[in-house]
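Q: Below is a structure I'd like to ask you about.
Numbering (my numbering), first residue to last: 8 to 286.
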C-alpha cells in the first residue's frame, strides 16, 4: 500500500444499520477515508491490534451472548488486511467495553463494564484467544457499584492499571500474579474512564467521564508509591456550550506530542500538548 495510505479498522455497535467491523483506507495526505471491506460482527465496539498487526481483537459489547446474559470477546485474523473471524469467548458479564494488548503481546485485557470485571485472555500460537486465565471482579463500596471501563498494561510490563468508573478509582495490579498493589482515589462522581501512557513510560494520563478532566499522573515502578497525581485540566472546550458532555476516548498521537480526548455531547476532540521526552 502507498506510504501515504493506511488501513484503519472501525468497530461499531449493532445500531442504526451498522454491519460490524469496517476496513477503511485513510489517505494521510488528504484525510479522505474509503470503506473497502465490511466484516459482519455483533457489537464489536472496541478493537485492538496485536504487535505484529496480523491479528485483530474485539469486545462484543452486549447483554446477550449465544443464549447467555452478557457479552464476549472475539479474535480475527487479518487476511489481506481484512478481518476474518477466528474464535469467540463468553466474557462472563455484560457490556465488555474495552480491550488492550499486553506489553509482551502474549495476552489481552478485557474490561467488563456492567459486572465490574476485568479479564486476561492468553493468545495462542496462531493468534487465537484461549480461555480466560484470570478474572478479577471489583465489588461495590459505600453504596456505589463497580463499573470497569479500561485496563491497560504499563510500558515496562510490570503492572496492569484499571480504571473503575463506578468507584472513582484507578487500581494497579501486578501483571504476573494479578494481585492488587495500589489504589488511587479520585473525586466522587468524576468517573475515571480511559487511560494511556506518554512515550516516556512514566507519565500516565486519565480521562474522566462525568467531570471531563484530564489527569497527569506520574508512574514510579519500584517506588514507595506507584502513582502520584500531579495536575488536572478540563477537557471541555471554552466556546459557551452548555449541553450535556461526557469524556470518551483518550489516545496519544504517534508523535508523542499530543493527547487527543473526545467529548461526547459536544462531539469534539480536545487536543493537549505534551513533551514527548518527559511525557
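Note that beta-carbon positions come from the ideal geometry of N, C-alpha and C, so glycine has one too. If you're wondering where the values come from, they're calculated on a predicted model, not measured in any experiment.
Counting only runs that start and end within the stretch 74-150, where is the beta strand (DSSP E) found for 3 or more residues in a row?
A: Entirely contained in the stretch 74-150, the beta strand (DSSP E) runs reaching 3 residues are, in chain order, 79-86, 89-97, 103-108, 114-119, 124-129 and 141-144.
Q: For my contact list, residue 79 and residue 105 are in at a C-beta cut-off of 8 Å; report their separation, rounded to the angstrom.
A: Against the chain shown, residue 79 aligns to sequence position 72. Against the chain shown, residue 105 aligns to sequence position 98. Rounded, the Cβ-Cβ distance is 14 Å, inconsistent with contact.
Q: Pull up the distance between the alpha-carbon of residue 174 and that of residue 185, whole angstroms please.
A: For the purposes of this step, residue 174 is taken as the residue at position 167 of the chain shown. For the purposes of this step, residue 185 is taken as the residue at position 178 of the chain shown. The straight-line gap from Cα to Cα measures roughly 19 Å.
Q: Per the contact definition of three or more C-beta pairs closer than 8 Å, is the stretch 47-65 in contact with the stretch 10-21?
A: Short answer: they touch.
Q: What separation, rounded to the nearest whole angstrom, lies between the Cα atoms of residue 93 and residue 66?
A: For the purposes of this step, residue 93 is identified with residue 86 of the chain shown, where counting begins at 1. For the purposes of this step, residue 66 is identified with residue 59 of the chain shown, where counting begins at 1. Each residue's alpha carbon lies about 14 Å from the other.
Q: Tell me whether residue 225 sits in a helix, a strand or coil according to DSSP, three-state version.
A: Taking the chain shown and counting its residues from 1, one reaches residue 225 at position 218. Strand at residue 225.
Q: Between the stretch 114-126 and the stretch 186-196, do at least 3 Cβ pairs fall closer than 8 Å?
A: No, the stretch 114-126 is not in contact with the stretch 186-196.
Q: Is residue 233 helix, strand or coil by DSSP?
A: Within the chain shown, the letter at position 226 stands for residue 233. In the structure shown, residue 233 sits in coil (DSSP, three-state: anything other than H, G, I, E or B).
Q: Exposed or buried, which one is residue 227 when buried takes at least 16 other CB atoms within 10 Å?
A: Within the chain shown, numbered from 1, the residue matching residue 227 stands at position 220. Exposed, because fewer than 16 other Cβ atoms sit within 10 Å of the Cβ of residue 227.
Q: What does a CB cutoff of less than 6 Å around residue 152 pick up in its chain, not counting 5 residues either side in sequence?
A: Along the chain shown, read from residue 1 onward, the residue named residue 152 stands at position 145. Closer than 6 Å at the Cβ level, and outside the excluded window around residue 152, lie 173.
Q: I'd like the list of long-range same chain contacts for residue 214, defined as Cβ closer than 7 Å, with 5 residues on each side in sequence excluded.
A: Translated into the one-based positions of the chain shown, residue 214 becomes position 207. Contacts found: 200, 201, 221, 242, 254, 257 and 268.
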